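Have a look at the structure below, then the notes.
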């Protein structure tokens, strides 16, 4: 801080509770507002995350604060500035390394100037034992940011964030019951995260819920479909403004007894059909669209073998929900092999791509279509980007694809694809994410691997996720985020 020649420089002191050290600060004072004061500064472990530290302090005459932290020889990292009021306050450092010594300092600012605490020291703890065996092996140069996915194990479920070197830099332990797992993690516009917790794969008569939690691990909200629907595990979208949540968009399902003997099933089989629900911030259902009203069992393309062995099954299996630029829904129905656009007001099906009611001729696609697709996203230019699991290809092959729909000509032109070399095939799950760089992150979840490629199809890096040296059974999706503290377009 440069000294203004007209300013007097008194010393402002604070007591650092850690180690009994005194933290003293220089502040500019003059004829204007009184400078901020900073006292009772301490740092301690975040009980929810060993790779996080909580700094507590007391302030007066300040309206913003941030926390700086660094290791010996490394550059200084900082939290964003946060609005604060008079009295006790706390800041949380995220993305630390395990069992590592760090230095911390708090800076506060107000109308009367800015001050900073003396440096405090703290050493992080080890990762939880189960996470010490989790490894993301990366070949190539992954860009800055974090890769977020989930790991579920008998010992617990975790949301994890890996740095470009494949190291775990943040996690959230998810409370689960026996047979439950965690999946479908995303970062919200306000910086919070959501994750599905439950035992459902889209058709079982079991409860599930989405948990919203802050980056420091504090759980703030739970979302469910609400009776009479079970909460599906495949997608939750939360729309919001600066004032907070405006709506939650998710799938629910109900089970009906159906005669599936003609398809190789039982005459009294439980079958799930899904609903799209839009709920207000208070949880009131504002929109309901039910697949039972729009599809029939004759639309079912991917009927599983040995159908009669399933105690319950779904015939539609929606596995992604997106909101188009005009505010309507674009939904992937995997069992139907169909992607549909659904009016978010009237429920009308505006178009249908793929499946038995396909309205589009496919152009420029050497594989001539897709099957059991996942993670359909609407890009800014209106194109559809998704993961084609490739059950209809001969031989089966999974890939990332981008189609451009012409609604007048009723054509779907393949404008981009990525096919792994050697070919990969994953019959379930899979994800895609178009990044700001123009690259695409492809998650081969059932192969526990991921690849980032350029628009020209050049591989930037590849990663493989293992637990104690063995490939994980699968991960649902992988997403890059720009910051652990707040939403930054990756």
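Residue numbers (this note's numbering): 9 to 498. All residues carry an ideal CB built from backbone N, CA and C; glycine is no exception. Predicted, not measured: the structure shown is a model, and the values here were computed from it.
Sequence-distant residues of the same chain with beta carbon closer than 6 Å to residue i, five excluded per side
i: residue 94; result: 68
i: residue 204; result: 191, 192, 218, 241
i: residue 475; result: 141, 142
i: residue 373; result: 422
i: residue 82; result: none
i: residue 364; result: 307
i: residue 187; result: 207
i: residue 326; result: 259, 282, 339, 341
i: residue 41; result: 119, 120
i: residue 105; result: none
i: residue 424; result: 410
i: residue 386; result: 330, 332, 338
i: residue 166; result: 159, 179, 181
i: residue 77; result: 85, 101, 110, 112
i: residue 103; result: 177, 178, 492
i: residue 498; result: 153, 443, 488, 489, 490
Per DSSP, cross-strand counterpart(s) of residue i
i: residue 259; result: 284
i: residue 382; result: 395
i: residue 274; result: BP columns for residue 274 are empty, so no partner.
i: residue 221; result: 201, 227
i: residue 327; result: Paired residues: none, contrary to the question.
i: residue 293; result: 287
i: residue 314; result: Looking at the DSSP assignment, residue 314 forms no beta bridge with any residue, so it has no partner.
i: residue 195; result: 201
i: residue 143; result: 474
i: residue 68; result: 45
i: residue 57; result: 54
i: residue 424; result: 410
i: residue 161; result: 164
i: residue 180; result: 167
i: residue 322; result: 280
i: residue 148; result: 469
i: residue 303; result: None; residue 303 has no bridge partner.
i: residue 6; result: This structure leaves residue 6 out entirely; the chain is present only between 9 and 498.
i: residue 337; result: 331, 350
i: residue 253; result: 248
i: residue 63; result: 51, 99
i: residue 488; result: 155
Residues near residue i in its chain [Cβ-Cβ closer than 8 Å; skip 5 each side]
i: residue 320; result: 211, 212, 213, 263, 277, 278, 279, 280
i: residue 366; result: 346, 360
i: residue 255; result: 246, 247, 286, 287, 288, 289, 294
i: residue 10; result: Its pLDDT being 31, under 50, residue 10 is placed unreliably in this model, and the coordinates cannot settle the point.
i: residue 446; result: 462, 463
i: residue 227; result: 219, 220, 221
i: residue 269; result: 275
Nonlocal neighbours in the same chain, by C-beta distance under 7 Å from residue i, ignoring five residues either side
i: residue 98; result: 62, 63, 64
i: residue 399; result: 310, 379, 380, 435
i: residue 272; result: 315, 316
i: residue 465; result: 426
i: residue 455; result: 432, 434
i: residue 70; result: 44, 92, 116, 117, 118
i: residue 391; result: 410, 411, 412, 423
i: residue 375; result: 401
For residue j and residue i, believed in contact at Cβ under 8 Å, the rounded distance
i: residue 101; j: residue 60; result: 6 Å
i: residue 284; j: residue 259; result: 6 Å
i: residue 384; j: residue 330; result: 6 Å
i: residue 154; j: residue 489; result: 5 Å
i: residue 483; j: residue 158; result: 6 Å
i: residue 458; j: residue 467; result: With a Cβ gap of about 11 Å, residue 458 and residue 467 do not count as contacting.
i: residue 223; j: residue 480; result: With 8 Å as the limit, residue 223 and residue 480 do not qualify as a contact, their Cβ atoms being about 24 Å apart.
i: residue 495; j: residue 196; result: 7 Å
i: residue 487; j: residue 145; result: Residue 487 to residue 145, Cβ: 19 Å. No contact.
i: residue 225; j: residue 75; result: About 16 Å separates the two Cβ atoms, so there is no contact after all.
i: residue 189; j: residue 163; result: Their Cβ separation, rounded to whole angstroms, is 12 Å, which puts residue 189 and residue 163 out of contact at 8 Å.
i: residue 251; j: residue 220; result: About 16 Å; that fails the 8 Å criterion.
Contact with chain B by residue i, beta-carbon distance below 8 Å
i: residue 207; result: Although the question refers to chain B, the structure presented lacks it and comprises just one protein chain.
### Message
Tell me whether the region 91-109 and the region 127-146 touch, counting them as touching only if at least three CB pairs, one residue from each stretch, are closer than 8 Å.
### Response
Contact between the region 91-109 and the region 127-146 is established, with three or more Cβ pairs separated by less than 8 Å.
### Message
Please give me, in chain order, every unbroken run of the beta strand (DSSP E) with length at least 3 that falls completely inside the region 428-480.
### Response
Counting only runs that start and end inside the region 428-480, the beta strand (DSSP E) elements of at least 3 residues fall at 439-442, 448-452, 457-461, 467-475.
#### Entry: Touch test, the region 204-211 against the region 294-304, Cβ-Cβ under 8 Å, three pairs minimum
With the cut-off at 8 Å, the region 204-211 and the region 294-304 do not touch.
### Message
Does the structure place the region 439-446 close enough to the region 388-399 that three or more beta carbon pairs sit under 8 Å?
### Response
Touching, yes.
### Message
For the pair the region 119-126 and the region 158-172, tell me if three or more CB-CB distances fall below 8 Å.
### Response
Contact between the region 119-126 and the region 158-172 is absent: fewer than three C-beta pairs spanning the two stretches fall below 8 Å.
### Query
Three or more beta-carbon pairs under 8 Å between the region 134-145 and the region 415-434, yes or no?
The answer is no - the region 415-434 does not touch the region 134-145, with fewer than three Cβ pairs under 8 Å.
### Query
Okay, do the region 327-341 and the region 349-357 touch, 3+ Cβ pairs below 8 Å being the bar?
A contact is defined here as three or more CB-CB pairs under 8 Å, and the region 327-341 meets this definition with respect to the region 349-357.
### Query
Unbroken beta strand (DSSP E) runs of length 3 or more, entirely within the region 72-139: which are they?
Secondary structure in the region 72-139: the beta strand (DSSP E) runs of 3 residues or longer, each lying completely within the stretch, are 72-78, 95-101, 109-118, 121-124, 128-131 in chain order.
### Query
Counting only runs that start and end within the region 346-382, where is the beta strand (DSSP E) found for 3 or more residues in a row?
Those beta strand (DSSP E) runs which fall completely within the region 346-382 and span 3+ residues are 346-350, 357-362, 369-371.
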